[in-house]
Amino acid sequence: MLFPFFWMISSSLKNSVEAFATPPTLIPKSPTFENYRNLFETLNLPRLFLNTILISITVVSLQLFTSALAGYAFARLYFRGKNFLFFIYLATMMIPFQVIIVPLFIEMRALGLIDSFLGLGLPMLSSAFGVFLMRQAMLAIPKELEEAALIDGANHFRLFFSVALPLALPSLAALGILSFMAVWNAYLWPLIIIFSPEKMTLPLALANLQGENLTDWPMVMAGTTLAILPIAFVYLLLQKQIAQSFLTAGIKG
Amino acid sequence: MSLKSGQSRTAAVFIAPSLIPLVLFLILPMLAAGVLSFTTWDLLSPPTWVGFENFKALLHDANFRNALQNTLIFIAGYLPLVYILGLSAALALDRKFKGSMALRAAFFLPVITSWVIVALLWKWILNPNGGVVNSALHLFGIQGPGWWTSKSWAMISVIVPSAWKDLGWVMLILLAGLQAIPPEYKEAAAIDGASKRQILLHITLPLLTPASFFVLVISLINNFQVFDQIWIMTSGGPEGSTSVIVEQIVKNSFAYGKMGYASAMSMSLFAIIMAVTVIQIRLQKKWVNYA
Numbered sequence: 000m001l002f003p004f005f006w007m008i009s010s011s012l013k014n015s016v017e018a019f020a021t022p023p024t025l026i027p028k029s030p031t032f033e034n035y036r037n038l039f040e041t042l043n044l045p046r047l048f049l050n051t052i053l054i055s056i057t058v059v060s061l062q063l064f065t066s067a068l069a070g071y072a073f074a075r076l077y078f079r080g081k082n083f084l085f086f087i088y089l090a091t092m093m094i095p096f097q098v099i100i101v102p103l104f105i106e107m108r109a110l111g112l113i114d115s116f117l118g119l120g121l122p123m124l125s126s127a128f129g130v131f132l133m134r135q136a137m138l139a140i141p142k143e144l145e146e147a148a149l150i151d152g153a154n155h156f157r158l159f160f161s162v163a164l165p166l167a168l169p170s171l172a173a174l175g176i177l178s179f180m181a182v183w184n185a186y187l188w189p190l191i192i193i194f195s196p197e198k199m200t201l202p203l204a205l206a207n208l209q210g211e212n213l214t215d216w217p218m219v220m221a222g223t224t225l226a227i228l229p230i231a232f233v234y235l236l237l238q239k240q241i242a243q244s245f246l247t248a249g250i251k252g
Numbered sequence: 000m001s002l003k004s005g006q007s008r009t010a011a012v013f014i015a016p017s018l019i020p021l022v023l024f025l026i027l028p029m030l031a032a033g034v035l036s037f038t039t040w041d042l043l044s045p046p047t048w049v050g051f052e053n054f055k056a057l058l059h060d061a062n063f064r065n066a067l068q069n070t071l072i073f074i075a076g077y078l079p080l081v082y083i084l085g086l087s088a089a090l091a092l093d094r095k096f097k098g099s100m101a102l103r104a105a106f107f108l109p110v111i112t113s114w115v116i117v118a119l120l121w122k123w124i125l126n127p128n129g130g131v132v133n134s135a136l137h138l139f140g141i142q143g144p145g146w147w148t149s150k151s152w153a154m155i156s157v158i159v160p161s162a163w164k165d166l167g168w169v170m171l172i173l174l175a176g177l178q179a180i181p182p183e184y185k186e187a188a189a190i191d192g193a194s195k196r197q198i199l200l201h202i203t204l205p206l207l208t209p210a211s212f213f214v215l216v217i218s219l220i221n222n223f224q225v226f227d228q229i230w231i232m233t234s235g236g237p238e239g240s241t242s243v244i245v246e247q248i249v250k251n252s253f254a255y256g257k258m259g260y261a262s263a264m265s266m267s268l269f270a271i272i273m274a275v276t277v278i279q280i281r282l283q284k285k286w287v288n289y290a
């Protein structure tokens, strides 16, 4: 199960002769950081990491915020057309992203947002699934708590920030973990919307490391090793929570 | 009841930040895809209305038919593989023993790894020259195949990494399903003299059907849209042997500039996914046991 990862790291530390050698060596005989040096010369890695981190954090925090707000309204407020609107949200969960890439691209082109972070992030700003999850969490808040706060003169915005959000924290964390991974790992949409090397995200730049005819595989493996490290590190820290969020959600990242 | 008055305005403020992007970047494009599928548009000249021409053309498009067929072949290979491996892992790791948590973690690591990394990693492992699989085969005097460069091996070369990546997710869902089975059922059967095999076949697996149903529905929805790993490993080649529906959508729209035609493909894909999901929900009564 872990062999592919082991082989990735091992290959990334081999020189170009040993990497292709038959019989293959499990552990590099003469380990070298040459591939990592080449990688840093080929890609602007700090920039790529920064892009990916900034986009992921911005998109995820906004997505959490919009989902929590709407989830609160659907769980705790009375307004006309609530059920119909919620049905619309549920229905949009059935739309596969792959189905809308063509018109979405055309729309971004019309808005002049091709090859921009804004064009990359906007479609991920709100999540029907997130709204659904947050609504479930906020439905569980006891009515008495809400009434007590309202009688004390708190309005719904105060109530949202001081009562609902803290109580929905576990669901918020689950949603945060899932959408962070979805944004961090995204490939298809960045592939379509981003062209400039300096605006690329990590997965996109890694995929572009493949040559037309010849691929420097040990260097590519150095790249994937570096890209996996932050994810693996976060996973080790939050193993239980991550597994739990996949269960809560029941969908794949 | 005074609490309820005037909540519409508050609700509007709460919902707008989520609803506006949803309408602009999901609902509107979805409707646009529907309209576009009845036009031809190269983005340069204005779109022209062609009625059902795109859909008629799809029926006779050998490339699209090939892509549809390959998508089904991909699923037919991927699904049993990922399910059997995921189920075996779940059954093996259902009880706690030394290292069981570490094993679960190992199975789950590929799930959180991006498709780009998984695809690149396996492309190197299955590299015809210098890849570890062929080098190992060489030790036994076997000349390994061309894997993703070979027309007959390319599909397998994308199925295996896909199953490897997702089996941890299947394991997780099935483990949750296994833990929901009351232990008394198995204990009672064991007292009545049932063998381990009988318990597995007549108690565990039937009671696991809700979790299996869930895996099936989600896997099918996801894998009719298979793209990333194929695009990176083979770009649909060689000679279209791994060409799939989304790959055809991307090529027709962004390489050939056929926006209307690609939208017709998208709508067809959507219809297929909806139909498959509805059929499964209808069929679940026949095999899923809700205790």
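Chains A and B, in that order, are what the protein sequence lines are. Following numbering that gives the first Met the number 0, the numbering of the first sequence begins with 0 at its first residue and continues without gaps. Following numbering that gives the first Met the number 0, the numbering of the second sequence begins with 0 at its first residue and continues without gaps. We put the CB at the ideal spot given by N, CA and C, even for glycine.
- Task: Using a cut-off of 8 Å between C-beta atoms, extract the partners of THR65 of chain A located in chain B.
- Result: Locating residue 65 of chain A in the first sequence gives position 66, where the first residue counts as 1. Per Cβ cutoff of 8 Å: PRO16, SER17, PRO20.
- Task: Report yes or no: is there a C-beta of chain A within less than 9 Å of the C-beta of VAL131 of chain B?
- Result: One-based indexing of the second sequence puts residue 131 of chain B at position 132. Yes, VAL131 of chain B counts as interfacial toward chain A.
- Message: To the nearest angstrom, how far is the alpha carbon of ILE193 of chain A from that of GLY118 of chain A?
- Response: Within the first sequence, the letter at position 194 stands for residue 193 of chain A. Within the first sequence, the letter at position 119 stands for residue 118 of chain A. Going by the C-alpha atoms only, they are around 9 Å apart.
- Do PHE245 of chain A and LEU166 of chain B have their CB atoms nearer than 9 Å? Taking the first sequence and counting its residues from 1, one reaches residue 245 of chain A at position 246. Taking the second sequence and counting its residues from 1, one reaches residue 166 of chain B at position 167. No, they are not a contact pair.
- Query: What residues from the segment 109 to 126 of chain A come within 9 Å of chain B, judged by C-beta to C-beta, listed N to C?
  - Reply: Result list: LEU121, PRO122, MET123, LEU124, SER125, SER126.
- Tell me TRP48 of chain B's beta-bridge partners as DSSP assigns them. Sequence index remark: in the second sequence, residue 48 of chain B carries index 49 (1-based). According to DSSP, TRP48 of chain B bridges with B:THR38.
- Item | Bounding residues of the alpha helix (DSSP H) (the contiguous stretch that carries TYR35 of chain A) | Stepping through the first sequence from its first residue, residue 35 of chain A is reached at position 36. 33 to 41 is the extent of the alpha helix (DSSP H) around TYR35 of chain A.
- Message: Against GLN224 of chain B, what residues of chain A qualify as contacts under a CB-to-CB distance less than 7 Å, listed in chain order?
- Response: As a working mapping, residue 224 of chain B is identified with position 225 in the second sequence. Within chain A, the residues near GLN224 of chain B are PRO95, GLN97.
- Would VAL110 of chain B count as contacting chain A if we go by Cβ distances under 9 Å? The count along the second sequence starts at 1 and reaches residue 110 of chain B at position 111. It does: the Cβ of VAL110 of chain B has a partner Cβ on chain A nearer than 9 Å.
- Task: Please report the Cβ distance between LEU205 of chain A and ILE116 of chain B, rounded to the nearest whole angstrom; I am assuming they are in contact, meaning their Cβ atoms lie under 8 Å.
- Result: Within the first sequence, the letter at position 206 stands for residue 205 of chain A. Within the second sequence, the letter at position 117 stands for residue 116 of chain B. At roughly 7 Å, the Cβ-Cβ gap stays under 8 Å, so LEU205 of chain A and ILE116 of chain B are in contact.
- To the nearest angstrom, report how far apart SER170 of chain A and VAL59 of chain A are at their CA atoms. Position 171 of the first sequence, counted from the first residue, corresponds to residue 170 of chain A. Position 60 of the first sequence, counted from the first residue, corresponds to residue 59 of chain A. If you take the alpha carbons of SER170 of chain A and VAL59 of chain A, they lie about 14 Å apart.
- Between SER66 of chain A and the rest of its own chain, which residues show a CB-CB distance below 8 Å, the 5 nearest in sequence each way excluded? As a position in the first sequence, residue 66 of chain A is number 67, starting the count at 1. Answer for SER66 of chain A: SER125, SER126, GLY129, VAL130, LEU132, MET133, LEU174, listed in chain order.
- Message: Contact defined as beta carbons within less than 8 Å: I believe GLN97 of chain A pairs with ILE248 of chain B. What is the distance between those atoms, to the nearest angstrom?
- Response: Here residue 97 of chain A refers to the residue found at position 98 of the first sequence. Here residue 248 of chain B refers to the residue found at position 249 of the second sequence. Between ILE248 of chain B and GLN97 of chain A the Cβ distance is about 7 Å, and since that is below 8 Å, they are a contact.
- Query: Between the beta-carbon of GLY236 of chain B and the beta-carbon of ALA66 of chain B, is there less than 9 Å?
  - Reply: Looking up residue 236 of chain B in the second sequence gives position 237. Looking up residue 66 of chain B in the second sequence gives position 67. In this structure, ALA66 of chain B does not lie closer than 9 Å to GLY236 of chain B by Cβ.
- Item | Contact set between GLU106 of chain A and chain B, taken where Cβ atoms lie within less than 9 Å | Numbered from 1 along the first sequence, position 107 holds the residue referred to as residue 106 of chain A. Within 9 Å Cβ-Cβ: LEU23, PHE24, LEU27, PRO28, ALA31.
- Could you tell me how far apart the beta carbons of ILE176 of chain A and GLN240 of chain A are, in whole angstroms, since I believe they sit closer than 8 Å? The sequence position of residue 176 of chain A within the first sequence is 177, counting from 1. The sequence position of residue 240 of chain A within the first sequence is 241, counting from 1. ILE176 of chain A to GLN240 of chain A, Cβ: 6 Å. Contact.
- Message: In whole angstroms, give me the CA-to-CA distance for PHE4 of chain A and LEU47 of chain A.
- Response: Here the question's residue 4 of chain A lines up with position 5 in the first sequence. Here the question's residue 47 of chain A lines up with position 48 in the first sequence. Their backbone Cα atoms lie some 22 Å apart in a straight line.
- Message: If distances are taken between C-alpha atoms only, which option among B:ASP60, B:LEU177, B:ASN222, B:THR39 comes closest to LEU204 of chain B?
- Response: Looking up residue 204 of chain B in the second sequence gives position 205. Measuring from the Cα of LEU204 of chain B, the nearest candidate turns out to be B:LEU177.
- Message: Does the structure place the segment 104 to 119 of chain A close enough to the segment 270 to 283 of chain B that three or more beta carbon pairs sit under 8 Å?
- Response: no
- Quick one: is LYS122 of chain B near chain A, going by C-beta distance under 9 Å? Locating residue 122 of chain B in the second sequence gives position 123, where the first residue counts as 1. Closer than 9 Å: yes.
- Query: Between which two residues does the alpha helix (DSSP H) harbouring GLY76 of chain B extend?
  - Reply: Residue numbering aside, residue 76 of chain B sits at position 77 when the second sequence is read from its first letter. For GLY76 of chain B, the enclosing alpha helix (DSSP H) stretches over residues 61 to 91.
- Message: 9 Å is my cut-off, CB to CB: does LEU132 of chain A come that close to chain B?
- Response: The residue labelled residue 132 of chain A in the question sits at position 133 within the first sequence. For LEU132 of chain A, the answer is no, since every Cβ of chain B falls outside 9 Å of its Cβ.
- Item | chain E contact residues for TYR35 of chain A, given Cβ-Cβ distances below 7 Å | No chain E is part of this structure, whose protein chains are labelled A and B.
- Message: Which residue marks the beginning of the alpha helix (DSSP H) containing LEU229 of chain A, and which one marks its end?
- Response: Taking the first residue of the first sequence as 1, we reach residue 229 of chain A at position 230. This sequence places Pro at residue 229 of chain A; Leu is not what is there. Note, PRO229 of chain A: alpha helix (DSSP H), 216 to 248.
- For MET92 of chain A, count neighbouring Cβ atoms within 10 angstroms of its own Cβ and tell me buried if that reaches 16, exposed if not. Translated into positions along the first sequence, residue 92 of chain A becomes position 93. MET92 of chain A comes out exposed.
- Query: Is the shortest distance between the beta-carbon of GLN283 of chain B and the beta-carbons of chain A less than 9 Å?
  - Reply: Looking up residue 283 of chain B in the second sequence gives position 284. Cβ-Cβ to chain A under 9 Å: no for GLN283 of chain B.
- Item | Closer than 7 Å at the beta carbon, the chain A residues around MET258 of chain B | Translated into positions along the second sequence, residue 258 of chain B becomes position 259. Result: VAL101, ILE105.
- Give every residue of the same chain whose Cβ lies closer than 7 Å to the Cβ of MET123 of chain A, excluding the five residues on either side of it in the sequence, and list them in chain order. As a first step, residue 123 of chain A is located in the first sequence; it is residue number 124 there, counting from the start. Taking MET123 of chain A as the centre and dropping the five residues before and after it, the same chain places the C-beta of VAL58, GLN62, VAL182 closer than 7 Å to its C-beta, in chain order.
- Task: May I ask which residues mark the beginning and end of the alpha helix (DSSP H) holding ILE113 of chain A?
- Result: Within the first sequence, residue 113 of chain A is the residue found at index 114, counting from 1. Segment: none, ILE113 of chain A is in no alpha helix (DSSP H) and carries neither H nor E.
- Task: Please report how far the alpha carbon of GLU52 of chain B lies from the alpha carbon of SER36 of chain B, in whole angstroms.
- Result: On the second sequence, residue 52 of chain B is found 53 positions in, with the first residue counted as 1. On the second sequence, residue 36 of chain B is found 37 positions in, with the first residue counted as 1. Near 9 Å, if we compare the C-alpha coordinates of SER36 of chain B and GLU52 of chain B.
- Query: Of the choices A:LEU84, A:TYR88, A:ALA226, A:LEU53, whose alpha-carbon is the least far from that of MET7 of chain A?
  - Reply: One-based indexing of the first sequence puts residue 7 of chain A at position 8. For the residues A:LEU84, A:TYR88, A:ALA226, A:LEU53, the minimum Cα distance to MET7 of chain A belongs to A:ALA226.
- Query: Anyone know if the C-beta pair for ARG79 of chain A and SER7 of chain B falls short of 9 Å?
  - Reply: Along the first sequence, read from residue 1 onward, the residue named residue 79 of chain A stands at position 80. Along the second sequence, read from residue 1 onward, the residue named residue 7 of chain B stands at position 8. Contact flag set, yes.
- Message: Which residue wins for smallest C-alpha separation from LEU30 of chain B, given the options A:ASN43, A:ILE99, A:VAL16?
- Response: Here residue 30 of chain B is taken as the residue at index 31 of the second sequence, counted from 1. It is A:ILE99 whose Cα lies nearest to the Cα of LEU30 of chain B.
- Residues in the segment 186 to 220 of chain A with C-beta within 7 Å of chain B's C-beta atoms, listed in sequence order? Hits within the stretch, in order: TYR186, LEU187, ILE191, PRO202, LEU205, ALA206, TRP216, VAL219, MET220.
- Roughly how many whole angstroms lie between the Cα atoms of GLY76 of chain B and SER161 of chain B? Walking along the second sequence from the start, residue 76 of chain B turns up at place 77. Walking along the second sequence from the start, residue 161 of chain B turns up at place 162. Looking at the backbone, the Cα of GLY76 of chain B and that of SER161 of chain B are separated by about 10 Å.
- Task: Could you tell me which uninterrupted alpha helix (DSSP H) segments, each at least 4 residues in length, are contained entirely in the segment 182 to 259 of chain B, listed from first to last along the chain?
- Result: Look at the segment 182 to 259 of chain B and you find these whole runs of alpha helix (DSSP H), each 4 residues long or longer: 182 to 190, 195 to 198, 208 to 222, 227 to 232, 244 to 249.
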